[in-house]
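Heads up: take any position in the sequence shown, counting from 1, add 49, and you land on my numbering.
Here a beta-carbon is modelled for each residue, glycine too, at the ideal position from N, C-alpha and C.
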Amino acid sequence: EKMRKLIEKGHIFGKVKAFIESLEFQKRGGPHTHRLISLDCPNSPEFVDEYVSAEIPKLPDANDKSDEAEMNRKLRELVIKFQIHNCNTICLNDSGKCSKGFPKTFSNSTITYEDRPAIYKRRSPENGGETYKTPGGNIITNASVVPYNPAYLLAWHAHNN
């Protein structure tokens, strides 16, 4: 209920026209929610960029203790924990390609279309995109980030897309 209010009244995705929600329980008993939200919004790169990111947040300077810096540190931690796609046997098809389309192609800007999903801004490391080195030594780039809403991720602390 708290999340629904945040979406409908807090406008974390913009102005909501319609909201449909379904709650189910997974095999191990954990709740899982599907939400379909229809927004009253323009189909523009600027609108998408205001509410959706497909990038690892930049790590603030270590000496910056401002509220914004602390929020960005937390957001980066949550993106790395919940929004990185790791290809495995679940998503790989018989030819070894990811059924979810990962790794995604880098793009310096968001591109929207009328007849298909947007291409999200995902800068390469060479063009200012952030990276993350896993404890195992793998380098994660924006090509592996599942698109997310920063406000939703900070409020819910769980995967979203």
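1) So residue 189 and residue 133 are supposed to be a Cβ contact under 8 Å. How far apart are they, rounded?
2) Could you check whether residue 105 and residue 179 sit closer than 8 Å to each other, using their CB atoms as the reference points?
3) If we call anything under 8 Å between Cβ atoms a contact, is residue 170 one with residue 98?
4) What are the boundary residues of the alpha helix (DSSP H) that residue 199 is part of?
5) Among all the DSSP beta bridges, which residues are the ones paired with residue 63?
6) Can you grab the Cα-Cα spacing for the pair residue 164 / residue 206, in whole Å?
7) To which residues of the same chain is residue 90 closer than 6 Å at the C-beta, ignoring the five residues directly before and after it?
Based on what the coordinates show:
1) The residue labelled residue 189 in the question sits at position 140 within the sequence shown. The residue labelled residue 133 in the question sits at position 84 within the sequence shown. At roughly 6 Å, the Cβ-Cβ gap stays under 8 Å, so residue 189 and residue 133 are in contact.
2) Residue numbering aside, residue 179 sits at position 130 when the sequence shown is read from its first letter. Residue numbering aside, residue 105 sits at position 56 when the sequence shown is read from its first letter. For residue 179 and residue 105, yes; Cβs fall inside 8 Å.
3) Reading the sequence shown from its first residue, position 121 is the one you call residue 170. Reading the sequence shown from its first residue, position 49 is the one you call residue 98. It is a contact, given that the beta carbons lie within the stated cut-off.
4) Taking the first residue of the sequence shown as 1, we reach residue 199 at position 150. Start and end: 199-205.
5) Residue numbering aside, residue 63 sits at position 14 when the sequence shown is read from its first letter. Note: residue 63 is bridge-paired with 61 in the DSSP secondary-structure output.
6) Working through the sequence shown from its first residue, we reach residue 164 at position 115. Working through the sequence shown from its first residue, we reach residue 206 at position 157. Each residue's Cα considered, the two are about 32 Å apart.
7) Stepping through the sequence shown from its first residue, residue 90 is reached at position 41. Cβ within range, chain order: 63, 96.
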